[in-house]
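Undergrad: Dumping the structure here so I can ask a few things about it.
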Amino acid sequence: MRTDLALQPSSDNKEDQPGVGRRGFLKLTVGGLGALVLAPALLEAAVRRDRYLLFYNPNTGESIRQVYWTPRDGYIREAIGQVSWGLRDHHNDQVKLFDTNVLDQLYALQLQVSPGRPVHIISGYRSPSTNSMLRAHSRRVARNSYHIQAMALDVRLPDGRVSDLYHAARSLGAGGVGYYPRSNFVHVDSGPVRYWS
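Yeah, the sequence shown ends on 195 if you go by this note's numbering, and it's all consecutive.
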């Protein structure tokens, strides 16, 4: 088993920590939850509470429920490592530490479309060798996929409509969103804002 979880040195200054941060997450949440017309007090409560991810990986059969950010501590390095293990390349068990921006996107999506229920992650990190193998079988796999950089997730709602997930992901206004209705998943990444189907 190979684990490339080279964590960055800890920083006491929360401005130096990677990810969206409170102000950016508030903007992300406002965009994503705007359709729900939350009262300002409820929106502020959503921003101030612990952020956790709840997902199932059908490729490994593993379920993850992990708090990865708290108002007091910010991003929790050990928790992000555990989440990254749950999102590893299931073809060879290679792991890369996930970008916190895409984790925040997933959290905001979960608040909007699947509160309290796990989403399915059908693809997280891909090693370069796995990405090359997938490219050989599909022209829709990008050569320099954000999956290789641990900045992308392919997400499915087990009991929901893929179109709802797609619209929710677009409403965040963050990163790339790809719509794959025939395969029943939505791609989200923390690269530049763009959309495709």
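No residue lacks a Cβ here, since even glycine has one placed at the ideal position from N, Cα and C.
On the CB-based measure, 16 or more other CB atoms within 10 Å of its CB, does N90 come out buried or exposed?
TA: Classification for N90: exposed.
Undergrad: Across which residues does DSSP place Y54 in a beta bridge pair?
TA: Answer by DSSP bridge pairing, in chain order: S61, H118.
Undergrad: Going by C-alpha distance, which of N57, S181, T58, R75 is nearest Q64?
TA: Among N57, S181, T58, R75, the Cα nearest to that of Q64 belongs to R75.
Undergrad: Secondary structure at H135, three-state DSSP: helix, strand or coil?
TA: Helix.
Undergrad: Tell me whether R154 sits in a helix, a strand or coil according to DSSP, three-state version.
TA: If DSSP states are grouped into helix, strand and coil, R154 belongs with the strands.
Undergrad: Can you list, in chain order, the residues of its chain with a C-beta nearer than 7 Å to that of I146? Leave out the 5 residues immediately preceding and following it.
TA: Answer for I146: R124, P126, N129, listed in chain order.
Undergrad: Going by the CB atoms, is the gap between G84 and T57 shorter than 7 Å?
TA: Before going further, note that residue 57 is Asn rather than Thr in the sequence given. Not in contact: N57 and G84 (Cβ atoms no closer than 7 Å).
Undergrad: Please list, in chain order, all residues of the same chain as L155 whose beta carbon is under 8 Å from its beta carbon, the five residues on each side excluded.
TA: V111, S112, V117, H118, D162, L163.
Undergrad: Would you say R49 and P69 are within 7 Å of each other, going by their C-beta atoms?
TA: No, Cβ-Cβ distance for R49 and P69 is not below 7 Å.
Undergrad: Over what stretch of residues does the alpha helix (DSSP H) that includes R168 continue unbroken?
TA: Here the alpha helix (DSSP H) through R168 covers 160 to 169.
Undergrad: Please identify the residue among L151, Y105, G122 whose C-alpha is closest to the C-alpha of W67.
TA: With distances taken between Cα atoms, W67 lies closest to Y105.
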